[in-house]
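Per the UniProt record's numbering, the sequence shown starts with residue 1, numbered consecutively.
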Amino acid sequence: MIVVATEDFEVYHGVVNELRDRGVEFTTIEPGDEWPDEAEVAVIAAGESVEIPDGVAVVQATPDAPRQAVESVISTLRGGDGRTVIGIDPGERPGVAILNGDMVVAAFQVPAAEAGEIVRREVEDAVNPVVRIGDGARLVGARIIDDIQSVPVELVDETGTTPYLGSGARGMGDVLAAVNIARLEGEEIESRTIEPTAGELQKIKDRSREASDTNRAISEGLARRVASGALTVEEALAEHGSDSEAAGDQQHSDTEQSKQNSADE
1 MIVVATEDFE
11 VYHGVVNELR
21 DRGVEFTTIE
31 PGDEWPDEAE
41 VAVIAAGESV
51 EIPDGVAVVQ
61 ATPDAPRQAV
71 ESVISTLRGG
81 DGRTVIGIDP
91 GERPGVAILN
101 GDMVVAAFQV
111 PAAEAGEIVR
121 REVEDAVNPV
131 VRIGDGARLV
141 GARIIDDIQS
151 VPVELVDETG
161 TTPYLGSGAR
171 GMGDVLAAVN
181 IARLEGEEIE
191 SRTIEPTAGE
201 LQKIKDRSRE
211 ASDTNRAISE
221 GLARRVASGA
231 LTVEEALAEH
241 GSDSEAAGDQ
251 QHSDTEQSKQ
261 NSADE
């Protein structure tokens with residue numbers, strides 16, 4: 001049995017709501033009340049002094065992280081090691097799966113630029129966390145790896161990690177692949193340097209053309225900067241537009257100067 005025993009209203013409210021959302025059975029007591037014989041895990045507020053019976057595991061919760069506390073409670077009940085493993089299936093909208101032991105406790109699909117922030121938030125206060133990222137979508141994956149700090153990262157062979165999707169499961173492939181990636185051990189790396197291929201640069205140019213109001217693709221130089229993560233496609237388009245305007249102004253100035261020279265002659 002899970003027992004919530006705290007006088008901290010914010011912690012109580014957050015933890016109880018999370019437990020109810022998960023459909024997990026629990027009971028609550030006031031600190032100092034008699035403990036139920038079936039108690040296995042106690043949830044208290046961080047720093048709170050509560051007398052807890054021998055043999056009852058303790059999870060300390062904070063007001064701003066009730067979900068993480070509940071994940072630790074569930075992992076403890078299931079006998080897991082409590083390690084946080086984050087799987088990432090890279091792409092422009094990568095799938096991100098958070099595992100605590102063998103349990104999938106959260107999942108996301110977000111723009112690639114937000115993946116690093118999710119990782120930082122989910123590993124805060126986690127014990128021995130690790131990020132496992134698939135080796136596909138090389139350019140995006142390299143940018144995500146560079147955006148992750150102070151967390152061990154493993155590069156995983158993602159071959160076969162995307163499952164068959166039956167009726168009604170459309171759109172879930174990247175998230176389910178992230179779960180499978182999280183469960184595979186990979187090679188620990190600190191960064192991944194990628195030289196974009198001609199095909200990868202052409203894909204970036206094609207994306208820029210689709211996003212452009214004037215149906216114009218960015219230059220190869222700008223495409224390389226997008227590939228490295230120095231620019232977004234939108235920023236590259238804006239810079240490309242500025243360069244084109246500057247070139248047009250210069251050409252106009254040269255033409256006017258040529259006309260003036262002819263008139264003088």
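For glycine and all other residues, C-beta sits at the position ideal for the given N, C-alpha and C.
Taking the C-alpha atoms as reference points, what is the distance between residue i and residue j?
i	j	result
residue 96	residue 242	36 Å
residue 219	residue 194	19 Å
residue 273	residue 88	Summary: the structure shown does not reach residue 273, with the chain confined to residues 1 through 265, and so no result is reported for it.
residue 248	residue 221	Here the model assigns residue 248 a pLDDT of 44, short of 50, so the residue's position is not dependable and the matter cannot be decided.
residue 12	residue 100	22 Å
residue 72	residue 91	30 Å
residue 35	residue 175	41 Å
residue 14	residue 45	11 Å
residue 186	residue 22	31 Å
residue 83	residue 163	25 Å
residue 212	residue 225	17 Å
residue 129	residue 215	45 Å
residue 32	residue 104	34 Å
residue 69	residue 28	15 Å
residue 39	residue 20	18 Å
residue 183	residue 189	17 Å
residue 26	residue 1	6 Å
residue 134	residue 109	15 Å
residue 6	residue 63	12 Å
residue 51	residue 43	12 Å
residue 353	residue 198	Since the first residue shown for the chain is 1 and the last is 265, residue 353 is missing from the structure and cannot be characterised.
residue 53	residue 47	17 Å
residue 106	residue 98	5 Å
residue 116	residue 131	11 Å
residue 172	residue 165	8 Å
residue 255	residue 210	Residue placement at residue 255 is poorly supported in this model, since its pLDDT is 44, which falls under 50; the coordinates still yield a value, given next. Going by the C-alpha atoms only, they are around 32 Å apart.
residue 234	residue 169	31 Å
residue 56	residue 37	10 Å
residue 126	residue 240	43 Å
residue 167	residue 79	34 Å
For residue i and residue j, which I take to be in contact (beta-carbon distance under 8 Å), what is that distance rounded to the nearest angstrom?
i	j	result
residue 94	residue 144	7 Å
residue 227	residue 201	7 Å
residue 236	residue 208	6 Å
residue 67	residue 18	5 Å
residue 180	residue 161	4 Å
Whose CA, out of the options, lies closest to the CA of residue i?
i	options	result
residue 30	19, 49, 18 and 62	49
residue 124	198, 113 and 85	85
residue 77	64, 65, 59 and 63	59
residue 196	111, 142 and 233	142
residue 41	180, 4, 16 and 33	4
residue 146	191, 169, 168 and 238	191
residue 232	75, 158, 6 and 111	111
residue 113	180, 230, 238 and 98	230
residue 139	240, 8 and 223	223
residue 65	234, 156, 16 and 24	16
residue 61	79, 55, 8 and 102	8
residue 155	167, 137 and 169	137
- [ ] Run through the stretch 69 to 143 for me and flag every whole alpha helix (DSSP H) of 4 or more residues, listed as ranges in chain order.
- [x] 112 to 123
TODO: Report yes or no: do three or more beta-carbon pairs, one from the stretch 149 to 167 and one from the stretch 117 to 134, lie closer than 8 Å?
DONE: yes
Task: Completely contained beta strand (DSSP E) runs for the stretch 145 to 230, where each covers 3 or more residues - done: 153 to 156 and 187 to 189
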